[in-house]
Amino acid sequence: MNNRELSETFTLIANLLEIKGEVIYTTLAYRKAAESLLALAGDVNQLWKDEKLREIPGVGKSIAEKIDELLRTGKLAFLAKLEKEVPAGLAEWLQVSGLGPKKVSLIWKELGITTLQELAAAAKDGKLRTLPGMGEKSEAQILRGIESLSRRSGRIPIGRAWPLARQIIATLRKLPGVVAAEPAGSLRRMRSTVGDIDILVASRDSAQVMETFTMLPGVMEVRGKGETKSSIEFADGVRAQVWVHPPEKFGTALQYATGSKDHNVQLRQLALDKGLSLSEHSLAKTDGSGEVLCATEAEVYAALGLPWIPPELREGRGEVQAARAGTLPTLIEVKDIRADLHTHSTWSDGKLSMIDMARAAARRGIKVIAFTDHSLSLGMVGGLTIKGHAAQAAEIAAIQRELGDSILVLHATEVEIKADGSLDYPDEFLATLDLVLASLHTSLGQERDKVTKRLLQAVRNPHVDIIGHPTGRLIPDRPGADLDMDAILKAAAESGVALEINASPFRLDLEDVYARRAMEMGIPISINTDAHSEADLDMLPFGVAVGRRAWLTAEDVINTWPTEKLLDWLKRRGA
DNA sequence: GCCGTTTTCGGCCCGACTGTTTTCAGTCG
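Just add 666 to the spot in the first sequence (first one is 1) and you have my numbering.
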């Protein structure tokens, strides 16, 4: 079992315990452990072998024993017993909006049904309204919830959530009386996927904001509408919330709503140490002698004796300690990027010719562009033969003369790492290119050992400069190869190859936790757009955001280096 | 069930909103 599978197992346990009616803190403990497992930067199997499971936050004696049992036997007696008491199918019901553990348990026990289909039928037949505490409205809400569930497909890629959020915010900012409107939650922290869109507004006229918000075009359902908070769902299942606070409280409110939960817990603790109680509304003195209102986040952090912490760092991964110690990194910014080392042209599956692509990149301030068209075996996208490369090289020489020094064009390749681990071109040919980026696209479902060994071959090939989108994941549908990331990082540190953060919002691969470990191990990072069109070039901020979440400074990312330094690095490699 | 520079016991997530209520329970973020 890998980190994700273990995490899902503990989430299931938490859900079943909740329906069973276990004390809330027990289920919270399982959820916390599940989250930690998912966010883990290393392989849980390695921690298990090293007997270090207890070092995972939220994993104590009991959960460590359960992980041990799962990894040894693939089964868990505790879960089997639990499933005898509570049918596992009920866990799914919790995703129906309007249904919580109490109602699930009530419906199950009173009506004796366990599947989502039976639940829908019971609601349609008017059976739910016969239960205590439930009426026609609850019944209708549950029916809508089931429909909404079939519309929704899990978490929303940030590439989809962000443009929608910008639109909503722009609309709200135009309203009279609105002083500020900002994204919050995981969207503001720039997580690669978000559960929903959270927006915070500073205004004294809450009614008008709520009116506008709930009447936005495309709204399918108003899930709630109050004075301080409203919630909507769009036709495609995306949900959005807005909170309205008076301007003088906007700082504490935005800080609170941005999270993460772990970050806020640590901040509240720090506040308590200073005799302050931090809430959504204010910083109150715990002795009751008054409260401080904060209009900006900077004031909140300053009151706690901290510099403002960028939202991307607020994951409870040491940023509060770093802020206290004055050692927060100066995070990389989009404007620091001057090279795009992974792009496609019409030589393979790109939409634009090289010169059009180079010009589009130059207009965006890019000084070096590498064309990494696909290699031979990726036939369906028109991979290049070696002969084709000769023709591409000639074209590059020609367009370089035309482009002058506005942008430097590198002749490169995205060479396929084949199922057996060999590369698609011979080493002698790779040695002739300016840059070699090697990627996995096929056979991603291989066993961990096999797929890891396969990638290791590419990591150790001296001609390979960058490993493109290392796991091959696609958000939100494909989880990516089950790599032993500890082994990959170790090998990368030895070989000096760069690992890519692919900026496509549907890849964002490496993930932040691995990128951070790579940086700590001294592995160079490369942030690239993997652009197949002009619009793709504008996805760069999503890749930079992953870098910021990984605590990267500009120096850690080869795309920020002066051209001479970058070319030197490329020359030293691949010899 | 986890955790600890005040605690090995007693805190942890609390406030807004909705619906079915008749003063509150359940859900949600």
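Virtual Cβ for every residue (Gly too), placed ideally from N, Cα, C.
Could you tell me the alpha carbon to alpha carbon distance between residue i and residue j, rounded to whole angstroms?
i: residue 1209; j: residue 822; result: 17 Å
i: residue 1120; j: residue 937; result: 50 Å
i: residue 829; j: residue 915; result: 27 Å
i: residue 984; j: residue 964; result: 19 Å
i: residue 1069; j: residue 1006; result: 16 Å
i: residue 811; j: residue 838; result: 27 Å
i: residue 864; j: residue 1097; result: 49 Å
i: residue 1076; j: residue 1036; result: 4 Å
i: residue 727; j: residue 933; result: 27 Å
i: residue 955; j: residue 988; result: 30 Å
i: residue 1212; j: residue 941; result: 35 Å
i: residue 777; j: residue 770; result: 10 Å
i: residue 720; j: residue 674; result: 19 Å
Quick one, which of the options has its alpha-carbon nearest residue i's?
i: residue 1074; options: 1087, 1034, 1044; result: 1034
i: residue 866; options: 827, 917, 885; result: 917
i: residue 1101; options: 1238, 925, 792; result: 1238
i: residue 890; options: 1070, 764, 1153; result: 764
i: residue 868; options: 908, 833, 884; result: 908
i: residue 818; options: 904, 748, 799, 1185; result: 904
i: residue 1187; options: 690, 1174, 1200, 1158; result: 1158
i: residue 735; options: 724, 714, 749, 754; result: 714
i: residue 1206; options: 1031, 1108, 1154, 1229; result: 1031
i: residue 755; options: 805, 807, 777, 682; result: 682
i: residue 921; options: 692, 945, 1043; result: 945
i: residue 861; options: 718, 1130, 874, 820; result: 820
i: residue 1203; options: 1233, 1004, 1191, 1215; result: 1004
i: residue 1153; options: 1122, 1132, 1193; result: 1122
i: residue 1172; options: 951, 825, 1078, 834; result: 825
i: residue 962; options: 1000, 911, 953, 776; result: 911
i: residue 1052; options: 1028, 1078, 1071, 1214; result: 1078
Here's a check: name, in chain order, each residue in its chain whose Cβ is nearer than 7 Å to the Cβ of residue i, leaving out the five neighbours to either side.
i: residue 1015; result: 1040, 1047, 1048, 1198
i: residue 880; result: 888, 891, 896, 898
i: residue 781; result: 755
i: residue 1044; result: 1082, 1107
i: residue 679; result: 696, 745, 748
i: residue 737; result: 667, 711, 714
i: residue 1084; result: 1043, 1090
i: residue 762; result: 808, 811, 812, 815
Would residue i be called buried (16 or more neighbouring beta carbons within 10 Å of its own) or exposed?
i: residue 1241; result: The pLDDT assigned to residue 1241 is 48, lower than 50, so where the model puts this residue is not dependable, and the model offers no usable value.
i: residue 1170; result: buried
i: residue 696; result: buried
i: residue 767; result: buried
i: residue 685; result: buried
i: residue 757; result: buried
i: residue 671; result: exposed
i: residue 1118; result: buried
Check whether the Cβ of residue i lies closer than 7 Å to any heavy atom of the ligand ZN, and answer yes or no.
i: residue 1236; result: With respect to the ligand ZN, the structure shown offers nothing to examine, as it has no ligands at all.
Return the chain-ordered list of same chain residues with a C-beta closer than 8 Å to the C-beta of residue i, the five sequence neighbours on each side being excluded.
i: residue 926; result: 852, 855, 980, 981, 982
i: residue 977; result: 854, 855, 856, 924
i: residue 841; result: 869, 871, 874, 875, 878
Who are the near neighbours of residue i in its chain, counting only those whose CB is closer than 6 Å to its CB and skipping five residues on each side?
i: residue 1196; result: 1008, 1168, 1170
i: residue 960; result: 917, 918, 966
i: residue 752; result: 682, 685, 686
Are three or more beta carbon pairs between the segment 889 to 905 and the segment 844 to 857 nearer than 8 Å? no
Any 3 or more C-beta pairs closer than 8 Å across the segment 703 to 721 and the segment 795 to 807: no
I want to know whether the segment 1056 to 1073 touches the segment 1082 to 1091 - three or more CB-CB distances under 8 Å. no
On the three-pair Cβ rule with 8 Å, is the segment 1137 to 1147 touching the segment 1161 to 1168? no
The segment 778 to 786 / the segment 740 to 747 touching (three or more Cβ pairs under 8 Å): Contact between the segment 778 to 786 and the segment 740 to 747 is absent, with fewer than three C-beta pairs closer than 8 Å.
Counting pairs of beta carbons, one from the segment 957 to 976 and one from the segment 1176 to 1185, are three or more of them closer than 8 Å? no
For the 8 Å Cβ check, are there 3 or more pairs between the segment 993 to 1003 and the segment 1211 to 1222? yes
Is it the case that the segment 1130 to 1137 contacts the segment 1104 to 1116, given that we only count it when at least three CB pairs across the two stretches are under 8 Å? yes
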